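Here is the structure we will look at, set down as structure tokens.
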Amino acid sequence: MTDIAPASSSTVAVIGGGVMGGAIAAAVRAGGWPADAVTVADKNTETLADLAAAHGLVTTTDLAEAARGADVIVFAVKPQDATEVLAEFSEHVKQGATLLTVAAGLPTSYYEARLPHGTAVVRAMPNTPALVGFGATAISAGASATDAHLAVASRVLAGTGLVVTVDESQISAVGAVSGSGPAYFYAFVEALIESGITLGLDRDVATALANQTLIGAGRLLESSGASAGELRARVSSKGGTTLAALGAMSDAGLQTVVAVGLSAADRRTRELAAELAGE
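Going by our numbering, the letters in the sequence shown line up with residues -8 to 270, in that order.
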């Protein structure tokens, strides 16, 4: 089993300085890696300049230079560009390195077929709240990845929020629940706002109330130790307005709507994976 160097001595290369790659680079720095141990590689020099100024890390437009010698390589590029990008640096990946991919859709086997034999690949499914340190990310191990590799991947991602480990077969379900999940909540907030306006509220007031209600409910769920069901029950007095609203939503098919939506997301994730793999 390959030993994983501690943050104080290991090096991290982030391939792709876009939104998620930049967020992970910032999280790595915040997690204890020194500036000279974190390199971001991207073709966009303006992006690199912004990241260097904001987080004090090494940047380069040479992907091979970034990957060469790195203990952990974070692969944060668009999946449709993956084959071309991998070809630029794959032969420079050192023995014992870990590749942590946040590119959607592509399985660990895709990378293993294009990297030096035995390279440990860890697949991650993050979501956009990772940009503000409140993300929910699931990671899964490829054929050569051990618990030690999962541990270092978790440490790299720790600054982005929650990190859990699942089997790779469950990644599409993770994408349906938490990967796409923020959009569901935003859509519900939009519906709250529009319904509030219909009931007579000013748009600015309805927006402020709906937004803060989502934020407050999330904070309470996080800090109270109670389940979502328990917190819902505490607000739902018998014969009260909340129970009337929830009953009407249930009768209108709320649970069915959510189940159908997640099933569609899960199915589309699998379809996209097949399309990207050329199957």
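We put the CB at the ideal spot given by N, CA and C, even for glycine. Note that the structure is predicted; figures quoted are calculated from it, not measured.
If you check the CB distance, Pro70 and Asn118 do not come in under 7 angstroms. If you compare the alpha carbons of Gly252, Thr137, Gly152 with that of Ile15, the shortest gap goes to Gly152. By the Cβ-count criterion, His108 is exposed, with fewer than 16 other Cβ atoms from all chains shown falling within 10 Å of its own Cβ.
Three or more Cβ pairs closer than 8 angstroms define a contact, and the segment 39 to 53 meets that threshold against the segment 2 to 15. Sixteen is the threshold: when 16 or more other Cβ atoms of the shown chains lie within 10 Å of the Cβ of Arg146, as they do, the residue is buried. With contact defined as three or more Cβ pairs closer than 8 angstroms, the segment 183 to 190 and the segment 148 to 167 are not in contact. Secondary structure at Val168: helix, using DSSP grouped into helix, strand and coil. For the 7 angstroms CB-CB criterion, Ala104 and Ala136 do not form a contact. Distance from the CA atom of Asn202 to the CA atom of Leu212, rounded to whole angstroms, is 16 angstroms. Secondary structure at Phe176: helix, using DSSP grouped into helix, strand and coil. Per DSSP, reduced to three states, the secondary structure at Gly126 is strand. If only uninterrupted alpha helix (DSSP H) runs of at least 4 residues are considered, those enclosed by the segment 62 to 140 are 73 to 80, 99 to 103. Here Val113 is near Ala132, since their CB atoms are less than 7 angstroms apart.
Three or more beta-carbon pairs separated by less than 8 angstroms are not found between the segment 218 to 226 and the segment 47 to 65, which leaves the two stretches without contact. Under the 10 Å beta carbon count, Arg20 is surrounded by 16 or more other beta carbons and is classified as buried. Secondary structure of Ala243 (DSSP, three-state): coil.
One alpha carbon belongs to Phe125, the other to Ala18, and they sit about 11 angstroms apart. Leaving aside the five residues that flank Ala144 on each side, the residues in its chain whose CB is nearer than 6 angstroms to its CB run, in chain order, Leu91, Val113, Ile130. Here the alpha carbons of Arg210 and Lys229 stand approximately 25 angstroms from one another. With fewer than 16 neighbouring CB atoms inside 10 Å of its own CB, Phe176 falls in the exposed class.
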